[in-house]
Structures are given as structure tokens and as C-alpha cells.
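First the structure, in the form of C-alpha cells, and then the observations on it.
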Amino acid sequence: MKILRGIAVSSGIGIGKAFLFTSKPPELRRVRIPEKGIEGEKERLAAVISSTRKELVELQEKISASLGSEFADFLEVQIQILTDPALLSVCSRNIGEAQSAEYAFSKAVAEIARPLLDASGGLFKERLADIEDVTNRVLRNLLSMPSVSIIDVEKNSVVLAHNIPPSEIVLLDPRKVQGVATEIGGRTSHIAIIAKAFEIPAVLGVENLCDNLELLEDVVVDGQRGQVLLSPTKRRISTYKEELKELRAFRKSLYSKQPPRVVITLDERKIDVSANIELTSEIYALKRYGAHGVGLFRTEYIFLTKRRFPTEEEQYRIYSEAASELKPHPVIIRTLDIGGDKVLPGYEEANPFLGWRAVRFLFDHEEIFLEQLRAILRSSAHGNVKIMFPMISAISEIRFAKRLLESAKEQLKEAGQKFDPEMEVGIMVEIPSAALLADKFAKHVDFFSIGTNDLTQYTLAVDRGNEKISELFNHYHPAVLQLIRRVIGAGHKAHIWVGVCGEMAAEPLGIALLAGLGVDELSMTPCAVPVACRIIRNSRVDELRKIASKALEYSTPTEVIRYLRRQLSRTYPDLAKVFLARKSVCYL
Ligand code: PEP
Ligand code: MG
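According to my numbering, the sequence shown is numbered sequentially starting from -5.
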């Protein structure tokens, strides 16, 4: 048995067989084919291309059957590449020049497919990943190396990987995957967010995880303590099974009473508890857990699953489905926040978190932005839709975004399309400049939603996904708390509502602290909603206000956390178990 340590990002315990995911491209060597071997080499390549095509069609069917056809769309392009006559003829010419099938194929791709992308003016750059994927698949097949996709996991598997690219993350099927562990990533990285959304226990940032790993060996992912156990002893497995049973019973005790959608404290202050979603398939979980509505719809996953920019119609269908399903409750749709660790293939940058992210990217691609704005506006005719712009750092950005929103409205009016002309417009406050100038920003918007993940990252200069410095990433850092207090104060002074949608809003200590600081809304991963409702319903804002104000006097995150744990469990003995749980800084 081997125990490796990492960061617990999604709670629970996963027991299963190891499924090793690797996406490394195979290495190629140039080999000269003798004259008499040329025809045989051509036949070998033709056979592999044909079997790869078959493999892709099967994969497409498998993905459609288990997750829905929209997830399988991207494979269409890969299948087309393999039937392109120009590509096949260059392959044949290259082999005729004594190149091996592997070398001939990769050279042909470089000659035919890549220039097509360049000629497209960069807009189809994300296709690069499809070209790389399909090339790797053909090469792996030529070299008799197996290709793996997360969709191929068997039931009761634990996925282990160095990293999981965004297009594969969304293929994690919670019915089969018991746990996830990776070598890279942190508490608020996007693998963590999806693992939580799918309620899959996960531990990230596990050093040397993939070294010397035996496929199908037993693995335990301990999302409670941040450990991965390789080949655990039978005794360990049975202890973990016991713990899992207890954990499930404890969760059930919290979930059994379906909370109505209104959440009010003992002293009658209403706080909306909403859910963060990435895909419309999460609406079911959101309803089951009794969330008020959607506090954050991260639309980039629609783009990432399709691996292309979806059309206005495709987006409109998705947004209006969410709006009408949840009507009259709100659905806050955030415009595309691409960049950071959610990079569209082909748009990689040296410093992505400080680069061409979110609105910065969209301002340079107005046509894509306008399509999304029109789709969101049109969906507002079907329910209570609000729009939110992420990564706002300057007043000029909110002005420009609103100007484009007005243009989108004009275009829809001209086309006779319906939308809600009064749709609320908000921003995410997640950059210190916006937090510091919150009073100025408040004049331009209808609400603020504080993104504590990025606010922490940018205030403390700590990469949110870097496991090496994860100890430094802490939303309870007094500097972050001061900014949060400032934003809530500025919002209320300007009579606009203020919510929090970062991971802090899902943590018992964070929920109590933010309620004490005066937030109007908390939005979190759906399964954290029952705990949040329970804390809010059983506490008094006047008490929480005093606790929050004292917490802000401390100078280190450790002191803040220690104080909150002690004080909250003393004030609310009924909730002590929740506040004192080993993972009380994380959701249960
Ligand atoms: C945040 O930054 O806190 C947030 C909610 O947005 P994301 O995690 O998608 O960056
Ligand atoms: Mg953010």
C-alpha cells in the first residue's frame, strides 16, 4: 500500500480500480522505407485510417448515449479530417518518397490541415486541438499504442491523471467514476469545480501520482483528508467503506427535509441560496437540493464541450431551457470567461490568468460576443434571466460591455425578436481594482457577485491552480475579507444587491461569515445548498454580524479560521458538528 498526499477539493470517498488517463503524444522517429516496402506501407496507413475512423464513430455513439449528442459534436470534425482526399493523397505521395506511414501522416497533416486554419484568420484556432487529437489517435494506432478517453472508463473506476484537459473533464460520468486524482490543480481549478458539480470525490496536486502505477490496481481517493491510497490493504478498504456509509447517512440527514426555496435567518433576514452550474444537466441536482435559482451559469463549458464557438441558436436553446425550467427564479448567465485554466485549444498564452481572459477576449471578438449577448437576451423572454460580466477591472470595460449589449438589443428589435428590456446587468467583482472602486462600479450595474476564487488569486498573487503554493491560497486572508466587506458596503450604499459565487460561499465558515458581512445571496455547487440553508435558518444575522466584525480584526487567515470555528460552534451548539468538522473550511 502506498499513501500519497494532495489537496482535497471535492469531499467524499471514492473506492475503485485505477483508470490511468494520459494524453501524451507519441514520439516519432524518421525511418526510410525500402522501395519494395512502399506499397505495403501505403496499405498499412490506409487500414489504420479506416480503423481509426471506425473507432471515432463508435466513440461518438458512446458519448451520445451516455452524455447526450451535444457532447459528441466535436468528433465530427475529426472524422472529416480522416476522409479529406487532399490529406490522403499527400500521405500517399510522402510514403512514395520512402517515408514511414507515421512520418508521412504527420507531415501531411502539417502540410494540409494547419494552413487551412491559418487561412481562417484564427477564428477556428480551436480546431487545432481536434487536428492534434486525431493525429495522435492515428499515430498511436500505427504504433499499436492504446488511445484512452475518459468516456471509456468502466463502472467503479477511479480516474488518475497528470492533468485532464477541459474537453475530457466534461466526459467524467458520475455513474461510473468513483473518484478523481491528478498531479496538478488546486482547490478552485476547473477540475475541482466539475468534480464538485458531479459530486465526485477528488484530490488534486498529488505529486508522482502516475509514476509506477499498475492499471486496475485498487485505489481509494479520500476527499475528506486529501489522500490517495494505492493498493490499499483489505482492512483499509473496509474501514473506508464504513466511513462512506456514515458520511452518506450524515448527508442524508441534511437532505431529507427538502428545503423550500426561501431561506430566512432566525431574525428574519432573507438570503438567497442559489447554485453555480456549468451545464444544464445540473438543473436536476439544483432542484433536488432546493436552490433558489442559478447564481452563476459558467457558459464556457458549452464552448469547451463543443470545442468551437456555438451558434446563437444553440446558445439560445440552452439558456432558455434553464430560464423556463426555473421560472420565476433567477438564472444569472455569465458571459464567456475563457482563459485562465479554461483555455480554448489554440489560444494558449504564457500568462493566461493575466492575459486575454473573459471580456478582454470578447472585446477583440465582437461578433462572438454579440452572438452570446443576443442569445442571453432572447432567453430572457422565457424567464427571470440576468446577465453578468466577469473579469471587470475598469469602468471603461463595463461601459463598453453595456454598449455592446445595447447594440445586441437594437439588432433584436430590428429582427422582431422578443427579450426582457429590463434585464438586470451585473458584474463579478473578482479583481482588486474593481473591489477597491466598488462605489464607482455600483453606479453602472444592478448587482455585484463577488468571485472569491479570483479575488483571492489576484489579491494574494497566488495562482489558484498551482498545487505548490496552495497553502497560500486562502479566502480567509484578512486582505481578501477587507475587500469583501468593502464591496458589500459599497453595493448597499448604492442600493444594489450583492452576492458571492466563489467557492467560499459553499464552506460552512464562509457562509456564516459572509452572512455576517451582509450578503444578499450566496451561490454554490448544488450539493452544498442544504448545508448553507441549514446554517442560515438556524442563525441570527445580528449575532453573525458581531462575529464577522471581530473576525476582521485578526491579521492572519489561521487566526480568522480558528476564531470562526470556536465562536460559531459556541454560539450555535446545534451546528457545532458542521463548523467543527475536519473539513469545515470546505463544504461537507
Ligand atoms: C470566482 O472567480 O470566484 C468565480 C466564481 O468564477 P470562476 O471560478 O469561474 O473563475
Ligand atoms: Mg472568476
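We put the CB at the ideal spot given by N, CA and C, even for glycine.
Shown here for Ser141: same chain residues with a beta carbon closer than 6 Å to its own, the five before and five after excluded, namely Arg131 and Arg134 in chain order. With a threshold of 16 other beta carbon atoms within 10 Å, Tyr295 meets it and is buried. For Thr176, the enclosing beta strand (DSSP E) starts and ends at Val171 to Thr176.
With respect to the 8 Å criterion, Thr550 and Gly496 are not classified as neighbours on the basis of their beta carbons. Across the set Gln172, Lys487 and Ile188, the C-alpha of Ile188 shows the shortest separation from the C-alpha of Pro159.
With distances taken between CA atoms, Leu260 lies nearest to Leu538 out of Asn150, Leu538, Val71 and Ser44.
Asn88: member of the alpha helix (DSSP H) spanning Pro79 to Gly90, first to last residue.
Out of Leu14, His438 and Val494, the CA that lies nearest to the CA of Val213 is found in Leu14. Taking all protein chains shown into account, Ala191 has 16 or more neighbouring C-beta atoms within 10 Å of its C-beta and is therefore buried. By the criterion of a C-beta distance shorter than 8 Å, Gln405 is surrounded in its chain by Leu364 and Arg368, once the five residues flanking it on both sides are discounted. Asp127 and Gln72 do touch by the CB rule: their CB atoms are close to 6 Å apart, below 8 Å.
In this structure Ala59 is exposed. Its beta-carbon is surrounded by fewer than 16 other beta-carbon atoms within 10 angstroms. Taken through DSSP and simplified to helix, strand or coil, Val132 comes out as helix. Here DSSP, grouped into helix, strand and coil, assigns Ala388 to coil. The region 487 to 512 is shown to contain whole beta strand (DSSP E) runs of 3 or more residues at 491 to 494, in chain order. Counting only runs of at least 4 residues, the region 240 to 314 fully encloses the following alpha helix (DSSP H) elements, listed from N- to C-terminal order: 277 to 282 and 294 to 300. Here DSSP, grouped into helix, strand and coil, assigns Asn378 to strand. If only uninterrupted beta strand (DSSP E) runs of at least 3 residues are considered, those enclosed by the region 196 to 228 are 196 to 198, 212 to 216 and 221 to 224. Pro384 has its Cβ nearer than 7 Å to a heavy atom of the ligand MG.
Gly179 and Leu290 have their C-alpha atoms roughly 22 Å apart. A Cβ-Cβ contact shorter than 8 Å links Ala279 with Cys521. A direct Cα-to-Cα measurement between Ile386 and Thr16 gives close to 36 Å. Environment of the ligand MG, chain-ordered: Glu424, Gly445 and Asp448, taking every residue with Cβ within less than 5 Å of a heavy atom. At a cut-off of 7 Å, the beta-carbon of Ile326 does not count as near the ligand PEP: no heavy atom of the ligand is closer than that. 8 Å or more divides the Cβ of Leu39 from the Cβ of Ala92. In the three-state scheme derived from DSSP, where H, G and I count as helix and E and B as strand, Ile327 is classed as strand. At a Cβ-Cβ threshold of 8 Å, Leu569 and Pro472 do not count as neighbours.
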